[in-house]
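Undergrad:
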Amino acid sequence: MAKAKPKTKTENSTPMVKIFIMGAAHEVPASLTIMKAIEYAGFKITRGSGCRAGFCGACGTIYRKEGDYRIYAALACQTQVEDGMVLTQLPFVPAPKARYNVDELQPNASAMLKYYPEVARCLSCNACSKVCPQEIKVMDYVQYSLQGQIKKAADESFDCVQCGLCAIRCPAEIPQYHVGMLARRLHGKYNLKAPENLEHRVKEIEDGVYTEAFSELMKLSKADLKKRYTERDFIDQKKA
Ligand code: SF4
Ligand code: SF4
Ligand code: FES
3 MAKAKPKTKT
13 ENSTPMVKIF
23 IMGAAHEVPA
33 SLTIMKAIEY
43 AGFKITRGSG
53 CRAGFCGACG
63 TIYRKEGDYR
73 IYAALACQTQ
83 VEDGMVLTQL
93 PFVPAPKARY
103 NVDELQPNAS
113 AMLKYYPEVA
123 RCLSCNACSK
133 VCPQEIKVMD
143 YVQYSLQGQI
153 KKAADESFDC
163 VQCGLCAIRC
173 PAEIPQYHVG
183 MLARRLHGKY
193 NLKAPENLEH
203 RVKEIEDGVY
213 TEAFSELMKL
223 SKADLKKRYT
233 ERDFIDQKKA
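Under the working numbering, think of the first position of the sequence shown as 3, with each following residue one higher.
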């Protein structure tokens, strides 16, 4: 986090709380999320922020509460500050991701164990499920993966935002979110029927239906591209 010019606090009756960022005390409005509070305190977040809406998983944060020795973890853009919170930002979670060609695999336990043999070390401690901001039963999808129950693993991990908080808590050093991703890829490729609309659109692209339009867009300046985007026709999907 780079220190930016501090913001001027406005005169109003907003209740304030005291939080600590990297050890320094700051007064911030109690209604803010951790992410907004960090910015309110004058920091510019240059990494660890993306969608700001709970989808991208970029803003994993750990914190402590006053008088509580435990370490809590959360998404900074989705968690409101509390008085006495002691905050620090996490760098991204670089858990190792296996490289594989999903076309050469089968939806079974062998594929899982080949690329993520760590799943066999799961201690069933459930620390991953407890920390998950999406309230996913992470331990369960790890177990399903180990047992080759790919559909169940894919379904259970479906809402994962890849924040990595589960992996930093795992005593068996399992990159759970990558395991879930492999399960969903296997399930999507082998267990589900490809949507007709998607196949149709892919064929259109392969047949060059959009080639001319794409090349026209590629030549536009950023300003013209923005103008084109904001002035585009909206299609009401319910009526289409
Ligand atoms: S399963 Fe792990 S990576 Fe996915 S949202 Fe939960 S804690 Fe984050
Ligand atoms: S934290 Fe790791 S060892 Fe514990 S239940 Fe989750 S995957 Fe298994
Ligand atoms: S910034 Fe995307 S989940 Fe928080």
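A virtual CB, placed ideally from N, CA and C, is assigned to each residue, including glycine.
Quick check on DSSP: helix, strand or coil for I64?
TA: As a first step, residue 64 must be located in the sequence shown, where it is residue number 62. DSSP places I64 in strand when its eight states are reduced to three.
Undergrad: Would you mind sorting I207 into buried or exposed? The rule is 16 or more other CB atoms within 10 Å of its CB.
TA: Your numbering for residue 207 matches position 205 in the sequence shown. By the neighbour-count rule (16 or more Cβ atoms within 10 Å), I207 is not buried but exposed.
Undergrad: Measuring only from the beta carbon, is P197 closer than 7 Å to any heavy atom that is part of ligand 1?
TA: Taking the first residue of the sequence shown as 1, we reach residue 197 at position 195. No, ligand 1 has no heavy atom inside 7 Å of this Cβ.
Undergrad: Keeping to the same chain, check which residues put their C-beta closer than 7 Å to that of C162; ignore five residues upstream and five downstream.
TA: The residue labelled residue 162 in the question sits at position 160 within the sequence shown. Q136, I138, Y179, G182, listed in sequence order.
Undergrad: Got a sec, what are the start and stop residues for the beta strand (DSSP E) M18 sits in?
TA: Within the sequence shown, the letter at position 16 stands for residue 18. Per DSSP, M18 belongs to the beta strand (DSSP E) from 18-23.
Undergrad: DSSP three-state call for F57: helix, strand or coil?
TA: Looking up residue 57 in the sequence shown gives position 55. Three-state DSSP puts F57 in coil, outside helix and strand.
Undergrad: Is the Cβ-Cβ distance between L89 and G56 less than 8 Å?
TA: Numbered from 1 along the sequence shown, position 87 holds the residue referred to as residue 89. Numbered from 1 along the sequence shown, position 54 holds the residue referred to as residue 56. Cβ atoms of L89 and G56: not closer than 8 Å.
Undergrad: Pick helix, strand or coil for F236, following the three-state DSSP scheme.
TA: Your numbering for residue 236 matches position 234 in the sequence shown. Here F236 sits in coil by DSSP.
Undergrad: Below 7 Å CB to CB, which residues in the same chain sit around P109 once its five sequence neighbours on both sides are set aside?
TA: To locate residue 109, count along the sequence shown from 1; it is residue 107. The answer, listed in chain order, is I152, L188, H189, Y192, N193.
Undergrad: Assign P8 to one of two classes, buried (16 or more other C-beta atoms within 10 Å of its C-beta) or exposed (fewer than that).
TA: Mapped onto the sequence shown, residue 8 falls at position 6. In this predicted model, P8 has a pLDDT of only 44, less than 50, meaning its place in the structure is not dependable enough to derive any value.
Undergrad: Given that a residue counts as buried once 16 or more other Cβ atoms are within 10 Å of its Cβ, and exposed if not, what is M220?
TA: Sequence index remark: in the sequence shown, residue 220 carries index 218 (1-based). M220 is exposed by the Cβ-count criterion.
Undergrad: When you compare only the Cα positions, how much space is there between D1 and E201?
TA: Within the shown structure, residues of the chain are numbered from 3 to 242, placing residue 1 beyond reach of any answer.
Undergrad: Taking 7 Å as the cut-off, is the C-beta of C61 nearer than that to any heavy atom in ligand 1?
TA: Locating residue 61 in the sequence shown gives position 59, counting from the first residue. No; taking the cut-off as 7 Å, the Cβ of C61 has no heavy atom of ligand 1 nearer than that.
Undergrad: Given this structure, state the Cα-to-Cα distance separating I170 from R230, to the nearest angstrom.
TA: Within the sequence shown, numbered from 1, the residue matching residue 170 stands at position 168. Within the sequence shown, numbered from 1, the residue matching residue 230 stands at position 228. Answer to the nearest angstrom: the Cα atoms are 43 Å apart.
Undergrad: Relative to the C-alpha of Q145, which residue among V121, A185, R49 is closest?
TA: What you label residue 145 is simply residue 143 of the sequence shown in a count that begins at 1. Of the candidates V121, A185, R49, the one whose C-alpha sits nearest the C-alpha of Q145 is V121.
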